[in-house]
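S.K.:
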Amino acid sequence: MSLRFSAVLVCLLIAGCSKINQENYAKIGPGMSKAEVEALLGEPTECSGAMGVSSCTWGDQKTFISVQYAAGKVLMFSGQGLK
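So this is what it looks like as structure tokens:
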């Protein structure tokens, strides 16, 4: 087994590797750009929107962070199941 594969496997086994956590949630703030949030959390699981307003979610149904944007800036955000 290669060292790189081992490192990825260990990371997957340790819950602390997820970017969807309370520490990163606390760093999100109103007015942040979509690019800043994606730099913090990675690519969103899903996004939708229309007419200058969008919503993106990271995570799954149990553990997630959801961010609503207006004109590409954070308007509101919420999270569930964060550790």
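Using the numbering used here, you'd call the opening residue of the sequence shown number 1031 and step up by one each time. Even glycine gets a Cβ: it sits at the ideal position worked out from N, Cα and C. Remember, it's a predicted structure, so these values are computed and weren't measured experimentally.
Straight-line CA distance for Lys1092 to Cys1077?
M.R.: Approximately 18 Å between the Cα atoms of the pair.
S.K.: With DSSP run on the structure shown, which of helix, strand or coil describes Ala1056?
M.R.: Reduced to three states, the DSSP call for Ala1056 is coil.
S.K.: Can you name, in chain order, every residue of its own chain whose Cβ lies under 6 Å from the Cβ of Ala1100, other than the five neighbours on each side?
M.R.: Same-chain partners within the cutoff: Val1083.
S.K.: Quick check on Ala1069: does DSSP put it in helix, strand or coil?
M.R.: Three-state DSSP puts Ala1069 in a helix.
S.K.: What does Gly1079 pair with, by DSSP beta-bridge criteria?
M.R.: Ser1084.
S.K.: If you run the structure through DSSP and keep just helix, strand and coil, what is Lys1103?
M.R.: Strand at Lys1103.
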